[in-house]
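Asker: I have a structure here, written as structure tokens, and I will follow up with some questions on it.
Protein chains: 2
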Amino acid sequence: MPAPTLDFWFEFASTYSYPAAMRIAALARERGAAVRWRPFLLGPVFKAQGWDTSPFNIYPAKGRYMWRDLARVCEGLGLPFTRPAVFPQNTILASRVALVAFAEGWGEDFSRAVYTAEFGEGRDIGAPETVARVLAALGKDAQAAMAQAQAEENKLALRKNTEEAQGLGVFGAPSFVTADGELFWGNDRLEAALEWARR
Amino acid sequence: MPAPTLDFWFEFASTYSYPAAMRIAALARERGAAVRWRPFLLGPVFKAQGWDTSPFNIYPAKGRYMWRDLARVCEGLGLPFTRPAVFPQNTILASRVALVAFAEGWGEDFSRAVYTAEFGEGRDIGAPETVARVLAALGKDAQAAMAQAQAEENKLALRKNTEEAQGLGVFGAPSFVTADGELFWGNDRLEAALEWARR
Chain A
56 MPAPTLDFWF EFASTYSYPA AMRIAALARE RGAAVRWRPF LLGPVFKAQG WDTSPFNIYP
116 AKGRYMWRDL ARVCEGLGLP FTRPAVFPQN TILASRVALV AFAEGWGEDF SRAVYTAEFG
176 EGRDIGAPET VARVLAALGK DAQAAMAQAQ AEENKLALRK NTEEAQGLGV FGAPSFVTAD
236 GELFWGNDRL EAALEWARR
Chain B
56 MPAPTLDFWF EFASTYSYPA AMRIAALARE RGAAVRWRPF LLGPVFKAQG WDTSPFNIYP
116 AKGRYMWRDL ARVCEGLGLP FTRPAVFPQN TILASRVALV AFAEGWGEDF SRAVYTAEFG
176 EGRDIGAPET VARVLAALGK DAQAAMAQAQ AEENKLALRK NTEEAQGLGV FGAPSFVTAD
236 GELFWGNDRL EAALEWARR
């Protein structure tokens with residue numbers, strides 16, 4: 056029997072995608088599931104809902120809660136947490152680099168390192184220097200990877216991911232979609248998504 | 056040492072308050088926690104966020120997801136689920152009756168019965184006949200309870216609950232607030248709230 060698969064739709068700007076990204080590999084391994092990491096952009100998805108920024112900025116009570124809750128969630132998982140000064144961040148470059156990285160087999164390490172820089176250390180991953188530093192720390196040629204990331208076909212691939220996510224009904228991140236099309240939204244629903252994947 | 060307490064802020068119109076209301080008593084008992092059930096109205100809370108109806112109606116992708124997810128959550132818990140034709144429902148009468156019921160010690164049974172009528176059987180609990188039927192099934196004098204519910208001081212008590220919830224930072228339901236003021240939002244965060252309560 057083939058391993059059940061789960062698509063993990065994530066956005067580097069998404070706060071709750073951070074704990075999900077740090078948890079998913081170990082949880083999937085325990086349950087014998089294969090995960091496909093699918094970077095996409097929330098900007099167009101939010102625009103379709105009439106928002107020009109994160110709902111956590113538009114609705115202050117919700118935003119205040121989210122930052123507090125995220126700090127608690129990270130504490131519970133033993134993850135470093137620093138609230139970044141900039142939120143949401145421009146994640147286009149990091150997301151494009153992630154696509155290159157996944158094609159070459161080091162996408163998970165890169166993605167976790169980006170999340171750690173952003174929400175563990177509070178850095179601005181919208182700055183190319185931050186992305187370059189993450190790449191260098193992974194032993195990659197930063198300039199080469201960023202040049203590949205900015206190739207037209209790679210930009211298009213990210214747009215296609217985003218359109219595919221919208222077509223699947225994704226309206227926020229993190230989202231998880233099983234092979235039979237079941238959508239689960241939120242770090243809290245990761246376990247339920249993995250359970251569904253192996254039904 | 057006194058038992059840790061947790062305030063359970065719920066709204067009969069709130070879909071995810073249904074599984075939370077059906078789960079909380081057993082979970083709290085297992086953990087030796089005392090729960091105070093606090094009915095309130097989401098209408099004024101949503102209005103303060105610029106919404107004149109449920110966000111699940113305003114944002115269709117989110118709404119579609121919620122109904123599917125709620126069905127899955129209920130299935131996982133063995134709870135009956137029927138999507139009501141009317142959503143969100145007018146919950147003022149039921150909420151006022153709940154305050155009377157809690158004052159008399161049968162509030163939990165009443166609240167669970169209201170949720171079962173609404174989301175288990177798909178009934179319109181905005182109709183006074185539905186509330187009367189729930190009361191009768193619990194062996195209560197429906198007309199007397201509803202008359203008490205509509206007394207000015209009881210109406211005021213519900214408004215005060217709603218204001219208190221807003222003052223605590225509540226922006227949705229279900230919400231859980233510990234004695235030291237920690238807020239947790241969502242059925243998914245009930246276990247975390249109970250853990251926090253007994254720290």
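Chains A and B, in that order, give the protein sequences. When the first sequence is numbered by the numbering used here, its final residue is 254 and no position is left out of the sequence of numbers. When the second sequence is numbered by the numbering used here, its final residue is 254 and no position is left out of the sequence of numbers. We put the CB at the ideal spot given by N, CA and C, even for glycine.
#1: Can we say the stretch 189-207 of chain A touches the stretch 156-164 of chain A, given the rule of at least three CB pairs closer than 8 Å?
#2: Does B/Q203 come within less than 8 Å of chain A when only Cβ atoms are used?
#3: So what does B/F95 bridge to, in DSSP terms?
#4: Kindly indicate if chain A contains any beta-carbon less than 8 Å away from that of B/D107.
#5: Please list the terminal residues of the continuous alpha helix (DSSP H) segment that includes B/V141.
#6: With DSSP as the reference, label B/D179 as helix, strand or coil.
#7: May I ask which residues mark the beginning and end of the alpha helix (DSSP H) holding A/F157?
#8: Which class does A/R70 belong to by DSSP, given the choice of helix, strand or coil?
#9: Span of the beta strand (DSSP E) holding B/T60?
#10: With hydrogens ignored, establish whether the beta-carbon of A/A220 is closer than 7 Å to any heavy atom of the ligand MN.
#11: Between the C-alpha atoms of B/E208 and A/F63, what's the straight-line distance to the nearest angstrom?
#12: How about the stretch 139-159 of chain B and the stretch 173-182 of chain B: do they share at least three Cβ pairs that are nearer than 8 Å?
#13: B/A234 by DSSP, collapsed to three states: which one?
#14: Determine whether the beta carbon atoms of A/R178 and A/P135 lie at a separation below 8 Å.
#15: Could you work out which residues of chain B lie near A/Y120, taking near to mean beta carbons separated by less than 7 Å?
#16: For A/W240, which of helix, strand or coil comes out of DSSP?
#17: May I have the straight-line CA-CA distance separating B/E130 from A/E237, to the nearest angstrom?
#18: Pop quiz: A/F231 and A/F239 are said to be a contact at Cβ under 8 Å. What is the actual Cβ separation, rounded to whole angstroms?
#19: Taking the alpha-carbon of A/L96 as reference, which of A/N145, A/G105, A/P110 and A/T60 has the nearest alpha-carbon?
Answerer: Concretely, from the data shown:
#1: yes
#2: Looking up residue 203 of chain B in the second sequence gives position 148. Not one chain A Cβ lies under 8 Å of B/Q203.
#3: The residue labelled residue 95 of chain B in the question sits at position 40 within the second sequence. Its beta-bridge partners do not exist; DSSP assigns none.
#4: What you label residue 107 of chain B is simply residue 52 of the second sequence in a count that begins at 1. No, no contact with chain A.
#5: Here residue 141 of chain B refers to the residue found at position 86 when the second sequence is read from its first residue. No alpha helix (DSSP H) contains B/V141, which DSSP labels as neither H nor E.
#6: Translated into positions along the second sequence, residue 179 of chain B becomes position 124. It is coil, neither helix nor strand.
#7: Looking up residue 157 of chain A in the first sequence gives position 102. That run of the alpha helix (DSSP H) goes I147 to E159.
#8: What you label residue 70 of chain A is simply residue 15 of the first sequence in a count that begins at 1. The question names Arg, but residue 70 of chain A in the sequence shown is Thr. Residue state, collapsed to three classes: coil.
#9: As a working mapping, residue 60 of chain B is identified with position 5 in the second sequence. Its beta strand (DSSP E) spans residues T60 to F65.
#10: Absence of the ligand MN is noted for the structure shown, with no ligands found whatsoever.
#11: Taking the second sequence and counting its residues from 1, one reaches residue 208 of chain B at position 153. Taking the first sequence and counting its residues from 1, one reaches residue 63 of chain A at position 8. In a straight line, the C-alpha of B/E208 is about 51 Å away from that of A/F63.
#12: yes
#13: On the second sequence, position 179 is the one that residue 234 of chain B refers to. Residue state, collapsed to three classes: coil.
#14: Within the first sequence, residue 178 of chain A is the residue found at index 123, counting from 1. Within the first sequence, residue 135 of chain A is the residue found at index 80, counting from 1. It is not a contact, given that the beta carbons lie outside the stated cut-off.
#15: One-based indexing of the first sequence puts residue 120 of chain A at position 65. In chain order: G224, F226, L238 and W240.
#16: Sequence index remark: in the first sequence, residue 240 of chain A carries index 185 (1-based). A/W240: strand per DSSP, three-state reduction.
#17: Your numbering for residue 130 of chain B matches position 75 in the second sequence. Your numbering for residue 237 of chain A matches position 182 in the first sequence. The alpha-carbon atoms of B/E130 and A/E237 are separated by roughly 15 Å.
#18: Along the first sequence, read from residue 1 onward, the residue named residue 231 of chain A stands at position 176. Along the first sequence, read from residue 1 onward, the residue named residue 239 of chain A stands at position 184. So it is a contact: roughly 4 Å between Cβ atoms.
#19: Translated into the one-based positions of the first sequence, residue 96 of chain A becomes position 41. Measuring from the Cα of A/L96, the nearest candidate turns out to be A/N145.
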